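Let me begin by presenting the structure, written as structure tokens, before commenting on it.
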Amino acid sequence: MIPTHIKILIQLAKADGHIHDKERGIIERIAVRHDVDKEEVDKFFEEINTDDSLPDKHVLTSEQKIEYLYDIIALMKADGKLERSEVNYCLRVTKWLGYDESVFFNFITTIYMQPHLLDDKESLKETINGYLKEI
Numbered sequence: 302m303i304p305t306h307i308k309i310l311i312q313l314a315k316a317d318g319h320i321h322d323k324e325r326g327i328i329e330r331i332a333v334r335h336d337v338d339k340e341e342v343d344k345f346f347e348e349i350n351t352d353d354s355l356p357d358k359h360v361l362t363s364e365q366k367i368e369y370l371y372d373i374i375a376l377m378k379a380d381g382k383l384e385r386s387e388v389n390y391c392l393r394v395t396k397w398l399g400y401d402e403s404v405f406f407n408f409i410t411t412i413y414m415q416p417h418l419l420d421d422k423e424s425l426k427e428t429i430n431g432y433l434k435e436i
């Protein structure tokens, strides 16, 4: 499932038409953390398009869904800009995960008001869990 996770993050990074160095760095660190080699990640960056379809979500655990939300929010904030195309993509992923759009908006508002939560993954996961209501 990890290559799929990396591909979704690359789609988000490409959503605004430009992959910022910080976005690429975050994706590469996530790939290293999950033993995905650099050549495979480079290939993903070349092949992935923002309009590619999302994979089957039914194989994801609740923990994996939270990881997706955590990573897309961290990636969206990486370049310090909040682009409409990135927000739209994040909404698409949120709905794909089976959550109402309000989950994303509540979560992103919390992150912008309390940016330190991105540094404490466990606290952030608890915050996310408070918003998660599957539809």
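Count the sequence shown with my numbering and you get residues 302 to 436, in order. Every residue, glycine too, gets a C-beta built ideally from N, C-alpha and C. Just so we're clear, the structure is a prediction, and the values are computed from it rather than from any experiment.
Option nearest residue i by Cα separation, candidates the options
i, options, result
"Leu383", "Asn407, Ala316, Glu347 and Val394", "Ala316"
"Arg330", "Thr395, Phe405, Tyr390 and His306", "His306"
"Ala332", "Asp352, Gly318 and Asp372", "Asp372"
"Glu427", "Leu370, Gly318 and His321", "Leu370"
"Asn430", "Pro416, Asp420, His417 and Asn407", "Asn407"
Residues of its chain near residue i, where Cβ-Cβ distance is below 6 Å and the 5 sequence neighbours each way are ignored
i, result
"Ile309", "none"
"His335", "Ile303"
8 Å CB neighbourhood of residue i in its chain, flanking five on each side removed
i, result
"Ile349", "Lys308, Ile311, Gln312 and Lys315"
Same chain only: Cβ atoms within 7 Å of residue i, ignoring 5 sequence neighbours per side
i, result
"Ile327", "Ala375, Leu376 and Ala379"
"Lys323", "Ala379 and Asp380"
"Lys358", "Trp397, Leu398 and Gly399"
Counted within 10 angstroms of its Cβ, other Cβ atoms place residue i as buried (16 or more) or exposed
i, result
"Tyr413", "exposed"
"Arg385", "exposed"
"Glu402", "exposed"
"Val404", "buried"
"Val394", "buried"
"Glu347", "exposed"
"Glu387", "buried"
Any non-hydrogen atom of the ligand GTP closer than 7 Å to residue i Cβ
i, result
"Thr411", "This structure simply doesn't include the ligand GTP, nor any ligand for that matter."
Exercise. So, do the stretch 333-343 and the stretch 372-392 have three or more beta carbon pairs nearer to each other than 8 Å?
Worked result: Three or more beta-carbon pairs separated by less than 8 Å are not found between the stretch 333-343 and the stretch 372-392, which leaves the two stretches without contact.
Exercise. Are the stretch 363-374 and the stretch 391-401 touching by the rule of at least three beta carbon pairs closer than 8 Å?
Worked result: The answer is yes - the stretch 391-401 touches the stretch 363-374, with three or more Cβ pairs under 8 Å.
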